[in-house]
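Participant:
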Amino acid sequence: MCACVEDYNKVLRFWAPLEADPKLYGEIILQRLFETNPDVQKLFPKFAGLSKEQLQNNPDLQAHGGIVVCKLTEFLQKEKQRKQLMNDLAESHAKQHKIPRINFQIISEVIVLVAAEKIEGFGSDAQTAMKNVLKEFQTGMGACYDVLGFDP
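Residue numbers are given in the UniProt record's numbering: position 94 of the sequence shown equals residue 94, and the series is strictly consecutive.
Now the structure itself:
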């Protein structure tokens with residue numbers, strides 16, 4: 001299913017804590033990502049060899065996690081800029097970081113889990129809306145990857 005305006009609005013009704021503290025939530029998301037998908041950690045040179053303990057309160061992890069949450073916040077809030085945002089992200093993730101597209105699905109699943117755990121009232125309707133929004137993001141990123149000819 002495609003995300004609709006109502007899906008974005010449902011997610012945004014709960015998004016304030018993440019927007020207010022992107023480094024905290026971004027760190028939680030990345031820690032969970034690495035914990036549940038250890039192979040993904042290898043795609044991040046700064047974090048590749050670090051233990052779970054070394055990742056806790058790691059300023060580089062917090063900074064990168066903050067960027068993830070800020071970019072997602074921008075995607076949620078700025079409807080007219082979504083396509084350009086995805087183009088820019090796809091370009092850097094494909095050309096510079098060489099991130100396979102499956103990883104957008106993997107992190108999306110983690111984002112939904114973390115949101116459900118950490119955001120009060122983020123129930124099944126909001127989770128479904130978030131899944132729809134993130135599926136739209138994944139599809140858009142995939143289309144950008146196709147244009148770039150990137151498919152590792």
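Glycine included, every Cβ here is placed at the ideal spot set by N, Cα and C. From a predicted model like this one, the values you see are computed outputs, not experimental measurements.
(1) Of the residues P17, V5, Q62, which one's Cα is nearest the Cα of L30?
(2) Return yes when the Cβ of K118 is within less than 8 Å of the Cβ of I28, no when it is not.
(3) CA-CA distance, D88 and V69?
(4) Starting from I111, trace the alpha helix (DSSP H) both ways and give me its first and last residue.
(5) Quick one: what does DSSP say F122 is sitting in, helix, strand or coil?
(6) Does the Cβ of E136 have 16 or more other Cβ atoms within 10 Å, making it buried, or fewer, making it exposed?
(7) Under the rule that 16 or more other beta-carbon atoms within 10 Å means buried, what is P38, buried or exposed?
(8) Applying the criterion that 16 or more other CB atoms from any shown protein chain within 10 Å of the CB defines a buried residue, is V147 buried or exposed?
(9) So what does DSSP say about I28, is it helix, strand or coil?
(10) Could you check how far apart the C-beta atoms of Q77 and L18 are, in whole angstroms? I think they sit under 8 Å.
Facilitator: Looking at the coordinates:
(1) Q62
(2) yes
(3) 16 Å
(4) 102-118 is the extent of the alpha helix (DSSP H) around I111.
(5) coil
(6) The residue in question, E136, is buried, as its Cβ has 16 or more Cβ neighbours within 10 Å.
(7) The residue is exposed, with fewer than 16 neighbouring Cβ atoms inside 10 Å.
(8) By the neighbour-count criterion, in which 16 or more other beta carbons inside 10 Å mark a residue as buried, V147 falls on the exposed side.
(9) helix
(10) At roughly 12 Å, the Cβ-Cβ gap does not stay under 8 Å, so Q77 and L18 are not in contact.
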